[in-house]
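See structure below.
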Amino acid sequence: MHSESVPTEAERHYQVLRRTLMDFLTELSERTGVSIDEGLTRLGVSSEIREAFLPGGELTGDRDMFEVISEPVVSAMKHFDKPKRSMEKVTIGSLIGDEAVTAECRPMSDGSSLVTMSYGMFTLINNMAPVAVEGMDWVAEASNPLAMLWRVSKAMRGMDPFNAQLSGAYLRFRLTMQRVFGSANWVRYGSTLDKRPTAMTVAICAFHFTIAHEIAHHILGHAPGAHAISPNASRASQQMETEADTLALQAIRRVHFSPQDALGDIPLMGAIVGIHAIQAVEDSCFIRRGFTHPPTAWRIANLYSNSRAGAEAGARSVLSKFNEAMELATEFSPGCIRGDLNILSRSSRIKTILPASGIAYVKSLDDIMCATPDRLESYLVKATEIWPILDLESGVREALNGNTKGALQAWGVRDRAVLEICDPERNLTFRRVFSEVLTSLGGRTDRSTDRKQKDSIEFIATGAASLATWALRRQ
Ligand SMILES: [Zn+2]
Numbered sequence: 058m059h060s061e062s063v064p065t066e067a068e069r070h071y072q073v074l075r076r077t078l079m080d081f082l083t084e085l086s087e088r089t090g091v092s093i094d095e096g097l098t099r100l101g102v103s104s105e106i107r108e109a110f111l112p113g114g115e116l117t118g119d120r121d122m123f124e125v126i127s128e129p130v131v132s133a134m135k136h137f138d139k140p141k142r143s144m145e146k147v148t149i150g151s152l153i154g155d156e157a158v159t160a161e162c163r164p165m166s167d168g169s170s171l172v173t174m175s176y177g178m179f180t181l182i183n184n185m186a187p188v189a190v191e192g193m194d195w196v197a198e199a200s201n202p203l204a205m206l207w208r209v210s211k212a213m214r215g216m217d218p219f220n221a222q223l224s225g226a227y228l229r230f231r232l233t234m235q236r237v238f239g240s241a242n243w244v245r246y247g248s249t250l251d252k253r254p255t256a257m258t259v260a261i262c263a264f265h266f267t268i269a270h271e272i273a274h275h276i277l278g279h280a281p282g283a284h285a286i287s288p289n290a291s292r293a294s295q296q297m298e299t300e301a302d303t304l305a306l307q308a309i310r311r312v313h314f315s316p317q318d319a320l321g322d323i324p325l326m327g328a329i330v331g332i333h334a335i336q337a338v339e340d341s342c343f344i345r346r347g348f349t350h351p352p353t354a355w356r357i358a359n360l361y362s363n364s365r366a367g368a369e370a371g372a373r374s375v376l377s378k379f380n381e382a383m384e385l386a387t388e389f390s391p392g393c394i395r396g397d398l399n400i401l402s403r404s405s406r407i408k409t410i411l412p413a414s415g416i417a418y419v420k421s422l423d424d425i426m427c428a429t430p431d432r433l434e435s436y437l438v439k440a441t442e443i444w445p446i447l448d449l450e451s452g453v454r455e456a457l458n459g460n461t462k463g464a465l466q467a468w469g470v471r472d473r474a475v476l477e478i479c480d481p482e483r484n485l486t487f488r489r490v491f492s493e494v495l496t497s498l499g500g501r502t503d504r505s506t507d508r509k510q511k512d513s514i515e516f517i518a519t520g521a522a523s524l525a526t527w528a529l530r531r532q
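Quick look at the structure:
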């Protein structure tokens, strides 16, 4: 940010939007009973960054971690010829607790733009990159001598080079947390030592690609396309997305020079991880979104066409196991096949500050969200028998009849929220429905601070939100 000069509209807007990291960390600490500093240590956060997180630290001040990490890509973007709008007027920042937005560019009326990424998206990229790198099939190809060595050393240590079940379960665990609580940062995937440098580079490329894509919208003078509804509007919007992807890949190739060696095309791989991260958040957290973005497969095909010959075959092979893990992780439909989350507590690769009961808790939330409507019905009816004050039954009947509006009203959700949730033209997340139902049901009980009671209300609100979203999808 350019603090010496008069702040742009984007800068002022960002100051209003920004929430402190402390909100999130305090919640984390309350939930786990572990101090903030201790929690960050157990999550593997370095002491330098830990200090920045703590009160009085750098990250609670004006300078945002994302702004710092984005610097190389911001200067790369300045090199593109005849930008329609100046790069000087771009403000970059992160948002905590706004998981509905993965990354976006908000144009302001004074010609400036605010480019933001959610903290959940940032940590998701950081954790998907090692999973993607661990899934590099091609490394295990016998024709590559280095890969052969890697394979032999793995076999000698009795390790499975890539476990799609574990990686899928891990990603699923994160997405379940993000879906319900708007935060996925309570668990971390430990990459094997020899893969860490590559995983780090891929993560930075993915992050830079995502930010560069948003800056590209600013440079190319794209109008915000968030509410495209008509087929024509959505086609124009998809065209803009493809242009932004192409420019973003060019930009990260400037930042991350990648010779076509044994490591393959790392910027391309990072871009693919970035697009998959957005898709993962949307598939798992979004119930509804306009048709503004082209499908992931289309976007990735466009990136291949902007890469050297052979890159496509390489990337496909590199990411094949990663895709397998992603499929296990992002499916939340009733009765879907899921990876076993219990394997997380047995794996040395998974680091979390949650106790074993925390993993079981998230597993139960996952079970509820993927239950069939008749199972949700009996669950909610039973909850009312135990806790008559919740009075859920008439709402359950409305939802089963496909009347989401009636169901939400019966559960006491505020009128304004009901209208927003049921408006097919508005973006919506599972978390939005969940938190509205939770607020209403929480208000009917005695607002006890007892952890067990809070957990029960969260389970019930998850069940009601699942039934409501099932009904919404059928409308
Ligand atoms: Zn875009």
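For the sequence shown, the working numbering begins at 58 and goes up steadily by one. For glycine and all other residues, C-beta sits at the position ideal for the given N, C-alpha and C. Remember, predicted model here, so these are calculated numbers, not experimental data.
- For Leu465, the enclosing alpha helix (DSSP H) covers residues 461 to 467.
- Residue state for Glu161 is assigned as strand, using DSSP reduced to three classes.
- With respect to the 8 angstroms criterion, Ile443 and Arg501 are not classified as neighbours on the basis of their beta carbons.
- As the crow flies, the alpha-carbon of Ile344 is around 29 angstroms from that of Gly278.
- Straight-line measurement puts the Cα of Thr83 at about 48 angstroms from the Cα of Gly367.
- DSSP places Lys408 within a strand segment (E or B) once states are collapsed to three.
- Under a 10 Å Cβ-count criterion, Ser364 is classified as buried, with 16 or more other Cβ atoms of the shown protein chains found around its own Cβ.
- Secondary structure of Arg471 (DSSP, three-state): coil.
- When DSSP states are grouped into helix, strand and coil, Val419 belongs to the helix group.
- Secondary structure at Leu485: strand, using DSSP grouped into helix, strand and coil.
- Remark: the C-beta of His313 is outside contact range of ligand 1, defined as less than 7 angstroms to any heavy atom.
- Glu87 sits exposed, since fewer than 16 C-beta atoms from the chains shown fall within 10 Å of its C-beta.
- Cα atoms of Asn359 and Glu68: separation of roughly 33 angstroms, rounded to the nearest angstrom.
- If you draw a straight line from the Cα of Ala221 to the Cα of Thr180, it is about 20 angstroms long.
- Setting aside the 5 residues that flank it on each side, Glu161 is surrounded in the same chain by Thr173, Glu271, each with a C-beta closer than 7 angstroms to its C-beta; the list follows chain order.
- Annotation for Glu450 indicates a beta carbon at 7 angstroms or more from all heavy atoms of ligand 1.
- DSSP places Ile514 outside any beta strand (DSSP E); the residue lies instead in the alpha helix (DSSP H), whose first and last residues are 508 to 531.
- Three or more pairs of CB atoms, one per stretch, sit closer than 8 angstroms, so the segment 300 to 316 contacts the segment 257 to 270.
- Within 10 angstroms of the beta-carbon of Ala354 lie fewer than 16 other beta-carbons, which makes it exposed.
- Between ligand 1 and the CB of Ala301, the shortest heavy atom gap is smaller than 7 angstroms.
- A Cβ-Cβ separation of about 11 angstroms leaves Val494 out of contact with Ala456 under the 8 angstroms criterion.
- Annotation for Gly392: Cys427, Thr429 place their beta carbon closer than 7 angstroms to its own, counting only its chain and skipping 5 residues before and after.
- Under DSSP, Leu152 forms a beta bridge with Ser175.
- Buried is the label assigned to Ser240, since at least 16 other Cβ atoms lie within 10 Å of its Cβ.
- Per DSSP, the unbroken beta strand (DSSP E) holding Arg245 starts and ends at 244 to 246.
- For Cys262, the enclosing alpha helix (DSSP H) stretches over residues 253 to 276.
- The three-state secondary structure of Ile344, taken from DSSP, is strand.
- For His70, the uninterrupted alpha helix (DSSP H) run begins and ends at 66 to 74, by DSSP.
- Gly396 places its beta carbon less than 8 angstroms from that of Gly225.
- Bridge partners of Ser143 according to DSSP: none are assigned.
- The nearest non-hydrogen atom of ligand 1 is less than 7 angstroms from the C-beta of His270.
- Shortest gap from the CB of His333 to any heavy atom of ligand 1: 7 angstroms or more.
- In this structure Gly452 touches Ala464 by the C-beta definition: roughly 4 angstroms separates them, less than 8 angstroms.
- Taken from the Cβ of His274, at least one heavy atom of ligand 1 lies inside 7 angstroms.
- Look at Ser169 here: in three-state DSSP terms it is coil, with no helix or strand label.
- In this structure the segment 418 to 426 does not lie against the segment 369 to 388, because fewer than three pairs of beta carbons, one per stretch, are closer than 8 angstroms.
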